[in-house]
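Reviewing the structure listed below.
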Amino acid sequence: AQSVDQPDAHVTLSEGASLELRCSYSYSAAPYLFWYVQYPGQSLQFLLKYITGDTVVKGTKGFEAEFRKSNSSFNLKKSPAHWSDSAKYFCALERGGSNYKLTFGKGTLLTVTP
Amino acid sequence: EAAVTQSPRNKVAVTGGKVTLSCNQTNNHNNMYWYRQDTGHGLRLIHYSYGAGSTEKGDIPDGYKASRPSQENFSLILELATPSQTSVYFCASGDSGGPNERLFFGHGTKLSVL
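Protein chains in written order, with this note's numbering: chain V, 1 to 114; chain F, 1 to 114.
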């Protein structure tokens, strides 16, 4: 069975610091991985995806993520962080097969203090 | 910009009552989804649809029905609402139907069942 784990429910850091939000997955085949972001009071928005190819993928708002097959991770990164990055971030795994549906992690609430 | 609109934004229902959550998309996407978001869980898929007239069960369909009368509209129906269905519900449309699919979410409906 496929699963997504975001081990950090809440991350707090200071503006200007580097952020890295962790995501690990369990899936027997080649994964398709996504990050979505939910700003306060808003809906989820697509941030970036990994399908195949380059293991570092760039997304919107200056974010990037690195796919590491060796440890089944897809961590989200940004440097420097800005207070406006405060949001809840969700990692998701495409299940594959005949029905392409997303399995979401529980999310990481990021707070960036000015 | 793609648009997914949910109504109502907030709903208070009584146990045993019928609740209908509505979703409209102007993206002309074939795929539409209903998720619920609860603390301690990621988004969980309730029902989805491949197009007008189609509905499919997701991961947690019990207690929910769905209706897709047109390309634009996708409803979630709680025939006999229970307090365990208190949650935030998100509708989304998908832009490709394959592994590259990107989801566009509505702003959510906060449902309280008393």
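Beta carbons are placed, not taken as given, at the ideal position from N, Cα and C, and that holds for glycine.
Quick caveat: nothing in here was measured; it's all calculated off a predicted structure.
Chain-ordered chain V contacts of Leu80(F) [CB-CB under 9 Å]: Here the question's residue 80(F) lines up with position 80 in the second sequence. Here the premise fails: no neighbours, minimum Cβ distance about 27 Å.
Cutoff 6 Å; reference Ser73(V); Cβ partners in own chain excluding five residues on either side: Walking along the first sequence from the start, residue 73(V) turns up at place 73. Only Ser24 meet the Cβ criterion.
Straight-line gap, Thr26(F) to Lys65(F) (C-alpha atoms, nearest Å): For this step, residue 26(F) is matched to residue 26 along the second sequence. For this step, residue 65(F) is matched to residue 65 along the second sequence. Thr26(F) and Lys65(F) have their C-alpha atoms spaced approximately 23 Å apart.
Collapsed DSSP secondary structure at Lys77(V) in the structure displayed: Taking the first sequence and counting its residues from 1, one reaches residue 77(V) at position 77. In the structure shown, Lys77(V) falls within a strand segment according to DSSP collapsed to helix, strand and coil.
When Gln38(V), Lys106(V), Leu110(V), Ala81(V) are compared against Ser3(V), the one with the closest alpha-carbon: By one-based count along the first sequence, residue 3(V) stands at place 3. The shortest C-alpha separation from Ser3(V) is found at Lys106(V).
Minimum Cβ-Cβ distance from Asn10(F) to chain V less than 8 Å: For the purposes of this step, residue 10(F) is taken as residue 10 along the second sequence, with counting starting at 1. For Asn10(F), the closest Cβ of chain V is not nearer than 8 Å.
Cβ-Cβ separation, Val14(F) to Leu114(F) (assumed contact under 8 Å), whole Å: Within the second sequence, the letter at position 114 stands for residue 114(F). Within the second sequence, the letter at position 14 stands for residue 14(F). Right, the Cβ-Cβ distance comes to about 6 Å (below 8 Å), so this counts as a contact.
Any chain V beta carbon closer than 8 Å to Pro99(F): The residue you call residue 99(F) lines up with position 99 of the second sequence. Output row for Pro99(F): interface = yes.
As assigned by DSSP and simplified to three states, the class of Gln42(V): As a first step, residue 42(V) must be located in the first sequence, where it is residue number 42. Assignment of Gln42(V) by DSSP, reduced to helix, strand and coil, places it in the coil class.
Length of the line joining the Cα atoms of Thr55(V) and Ala30(V): To locate residue 55(V), count along the first sequence from 1; it is residue 55. To locate residue 30(V), count along the first sequence from 1; it is residue 30. When only Cα atoms are considered, Thr55(V) and Ala30(V) end up about 13 Å apart.
Close-in-space but distant-in-sequence residues of the same chain around Phe90(F) (CB under 7 Å, 5 per side omitted): On the second sequence, position 90 is the one that residue 90(F) refers to. Closer than 7 Å at the Cβ level, and outside the excluded window around Phe90(F), lie Tyr35, Gln37, Leu43, Phe105, Gly106, Gly108.
Test: Val4(V) CB closer than 8 Å to a CB of chain F: Translated into positions along the first sequence, residue 4(V) becomes position 4. By this cut-off, Val4(V) is an interface position.
Interface flag, Arg102(F) vs chain V, CB-CB below 8 Å: Here residue 102(F) corresponds to residue number 102 of the second sequence, with the count starting at 1. Interface residue, yes.
Beta strand (DSSP E) segment containing Leu114(F), residue limits: Looking up residue 114(F) in the second sequence gives position 114. No beta strand (DSSP E) holds Leu114(F); DSSP gives it neither H nor E.
Which listed residue (His41(F), Glu72(F), Ala52(F), Pro69(F)) has its alpha carbon closest to that of Arg60(F): Counting from one through the second sequence, the residue named residue 60(F) turns up at place 60. Per the sequence presented here, residue 60(F) reads as Ile, with Arg not at that position. Ranking His41(F), Glu72(F), Ala52(F), Pro69(F) by Cα distance to Ile60(F) puts His41(F) first.
Alpha carbon of Phe34(V) to alpha carbon of Cys91(V), nearest angstrom: Walking along the first sequence from the start, residue 34(V) turns up at place 34. Walking along the first sequence from the start, residue 91(V) turns up at place 91. Those two C-alpha atoms are separated by around 6 Å.
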